[in-house]
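Taking it in order: structure first as structure tokens, then the write-up.
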Amino acid sequence: MKSTKQIQHRITQAALILALWLSAQSAEAILIVEGTVTPLAGSFEYEFSISNLGPNDYVIVSILNAPLADPLIDPTLVAPVGFLASYDDGLGFVDFLGDTDLFAVGTTVSGFSFESLSGPGTVFTLFEALSVLGDSFSGSITITPAGVPETGSSLPLASLSLIALGFARKTIPTTNDQPSESAL
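Under our numbering, the residue at position 166 of the sequence shown is numbered 359, and the numbers go up by one with no gaps.
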């Protein structure tokens, strides 16, 4: 018969193995929530996309730190086809829920948006998600400003500016083009 100490040692080993296995399972989950923010007159528009790189499908993604009692979020909240969105102004949650669709492995779902009085930085930075298996996953939201022109998109404008400068230079007389007084 095994001693009590040996049984306790086996239970501790099993618990440790189970804990390591569970932490490895949750470490494999890769869910990326990204947002863009656009300043408006007196408010901000937020747009979100959610990428699921596996291994589980997710049913709900919740933003955990939305502002409380924001009067703009609820009436402007939009979700793409197959999804629902809700705002709890008392708890500060914005939920993106699968209705007829899921946040399936290998997909990126975009089209979630709303307006808010709060600017970026201290709000809309944390999320938690629930998988179809009941596992939860949490992380940080990456928010970037919208409308920042890329280098390639400013090239045509710069080219037109140089062309316009060239035409202006040819039509505006310079001091060298003026006849001197001695020539008169």
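Glycine is no exception: its CB is placed at the ideal position from the N, C-alpha and C atoms.
Computed from a predicted structure; not experimentally measured.
Supposed contact pair residue j and residue i - C-beta distance, whole angstroms, cut 8 Å
| i | j | result |
| --- | --- | --- |
| ILE266 | PHE307 | 5 Å |
| GLY228 | GLU238 | About 10 Å separates the two Cβ atoms, so there is no contact after all. |
Beta-carbon proximity check, residue i vs residue j, cutoff 8 Å
| i | j | result |
| --- | --- | --- |
| ILE253 | VAL302 | no |
| ALA272 | GLY299 | no |
| LEU257 | PHE296 | no |
| PHE320 | SER329 | no |
Of the listed residues the options, nearest to residue i (C-alpha basis)
| i | options | result |
| --- | --- | --- |
| ALA322 | GLY312, GLY314, SER333 | SER333 |
| ILE378 | LYS198, ASP250, PRO260 | Any answer about residue 378 is impossible in this case: the structure gives the chain only from 194 up to 377. |
| LEU396 | ASP282, LEU233, PHE241 | Outside the displayed range of the chain (194 to 377) lies residue 396, so it cannot be described from this structure. |
| GLY312 | GLY299, THR231, SER279, ARG203 | THR231 |
| LEU310 | PHE330, SER331, PRO264, GLY285 | PRO264 |
| GLY314 | GLY235, THR197, THR337, PRO268 | THR337 |
Beta-carbon proximity list for residue i, same chain, < 6 Å, skipping 5 on both sides
| i | result |
| --- | --- |
| LEU290 | ILE253, LEU277 |
| SER352 | Note on SER352: pLDDT 46, under 50, position unreliable in the model; no value is reported. |
| THR335 | GLU227 |
Cβ neighbours of residue i in the same chain (closer than 7 Å, five flanking residues each side left out)
| i | result |
| --- | --- |
| GLY340 | THR231 |
| ASP288 | ILE253, SER255, ALA278, SER279 |
| THR293 | GLY275 |
| LEU270 | ALA278, TYR280, PHE307 |
| ILE356 | Unreliable positioning characterises ILE356 in this predicted model, as indicated by a pLDDT of 47, which lies under 50. The coordinate reading is nonetheless provided below. None. |
| ILE204 | none |
Neighbourhood of residue i by C-beta distance below 8 Å, restricted to the same chain and skipping five residues each side
| i | result |
| --- | --- |
| LEU246 | ILE223, LEU224, ILE225, VAL298, GLY299 |
| THR344 | Unreliable positioning characterises THR344 in this predicted model, as indicated by a pLDDT of 46, which lies under 50. The coordinate reading is nonetheless provided below. Closer than 8 Å at the Cβ level, and outside the excluded window around THR344, lies no residue. |
| VAL325 | ASN249, ASP250, TYR251, VAL252, LEU295 |
| SER236 | LEU265, GLU308, SER309, LEU310 |
| LEU233 | GLU308 |
Within-8 Å CB hit, residue i to chain B
| i | result |
| --- | --- |
| VAL271 | In summary, chain B is missing from the structure at hand, where a single protein chain is found. |
Worksheet item: Which ranges does the beta strand (DSSP E) cover as unbroken runs of at least 3 residues, wholly within the segment 256–322, from first to last along the chain?
Response: 276–281, 286–291, 300–309
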